[in-house]
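Asks: The sequence shown maps to residues 1 to 155 in full-length UniProt numbering.
Beta carbons are placed, not taken as given, at the ideal position from N, Cα and C, and that holds for glycine.
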Amino acid sequence: MTLTTGTMTDEQRKSVALEYLKAFDNGGVTSTGDSILDLFADDAQVYFPKWGLANGKEEVGRLFGDVGATIKAIEHHYSQFNWVFSGSDVVVCEGTSHGEHRDGPWRAGLPEWAAGRWCDVFEIRDWKIQRVFIYLDPDYAAQDTARYPWLADRG
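(1) Taking only three categories from DSSP, how would you classify valine 91?
(2) Please report the distance separating the alpha-carbon of lysine 22 from that of histidine 76.
(3) Using a 10 Å radius around the Cβ and a threshold of 16 neighbouring Cβ atoms, would you call tyrosine 148 buried or exposed?
(4) May I ask you to report which of helix, strand or coil DSSP gives glutamate 112?
(5) If I follow the unbroken alpha helix (DSSP H) through leucine 63, where does it start and stop?
(6) Taking all protein chains shown into account, decide if valine 84 is buried (16 or more other Cβ within 10 angstroms of its Cβ) or exposed.
(7) If you reduce the DSSP assignment to three classes, tell me which class lysine 22 lands in.
(8) Between the region 103–121 and the region 34–42, do at least 3 Cβ pairs fall closer than 8 angstroms?
(9) How would you call leucine 39, buried or exposed, if buried means at least 16 neighbouring beta carbons within 10 angstroms?
(10) Starting from valine 16, follow its DSSP beta bridges and name the residues at the other end.
(11) Decide if alanine 44 is buried, meaning its Cβ has at least 16 other Cβ atoms within 10 Å, or exposed.
(12) How big is the Cα-Cα spacing for alanine 17 and isoleucine 129?
(13) How long is the line joining the alpha carbons of leucine 13 and aspartate 153, rounded to whole angstroms?
(14) So which of Gly61, Pro49, Val91 has the shortest CA-CA distance to glutamine 139?
(15) I want to know whether the region 96–116 touches the region 60–80 - three or more CB-CB distances under 8 angstroms.
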């Protein structure tokens, strides 16, 4: 016997991605009280800059624990999201956020060159996140300026 699953719509995939983002704003807890990890397939992959590629739920949990330990609070700006649908399992969300990192606060646009703008590329099938690659500047508090000549005098 084979396992059959129904095709998800773009809006259904978007709802899974939104649940994931809202769980971050809620300390890793979904709207149903479950762990954010319950949104992932067992063999999911997650990429985060300066951490690398996490393979499987256990490593994804370690990645989220490592990164999450540096973030005191985060809030995504849902009304400003841009969504791109591929007609397949891939959904892209571009957005902004603000919050507090252990090194200081951040807000997208303050300053314009700093953290707070991000883009996530999701692959969602069977109501589970199979893959999410997170693209952002992990220097949330904008302290890494000396290595970039165009930022060195902006501080």
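Replies: Let me lay it out:
(1) Valine 91 falls in the strand class under three-state DSSP.
(2) Looking at the two C-alpha atoms, the distance is approximately 8 angstroms.
(3) So tyrosine 148 counts as exposed.
(4) DSSP places glutamate 112 in coil when its eight states are reduced to three.
(5) 56–68
(6) exposed
(7) Look at lysine 22 here: in three-state DSSP terms it is helix.
(8) A contact between stretches requires three or more CB pairs, one per stretch, nearer than 8 angstroms, and the region 103–121 fails this requirement with the region 34–42.
(9) buried
(10) Answer is none; valine 16 lacks a bridge partner.
(11) buried
(12) 8 angstroms
(13) Sequence check: residue 13 is arginine here, not leucine. Straight-line Cα distance between these residues: approximately 43 angstroms.
(14) According to the sequence shown, residue 139 is aspartate rather than glutamine. Ranking Gly61, Pro49, Val91 by Cα distance to aspartate 139 puts Pro49 first.
(15) yes
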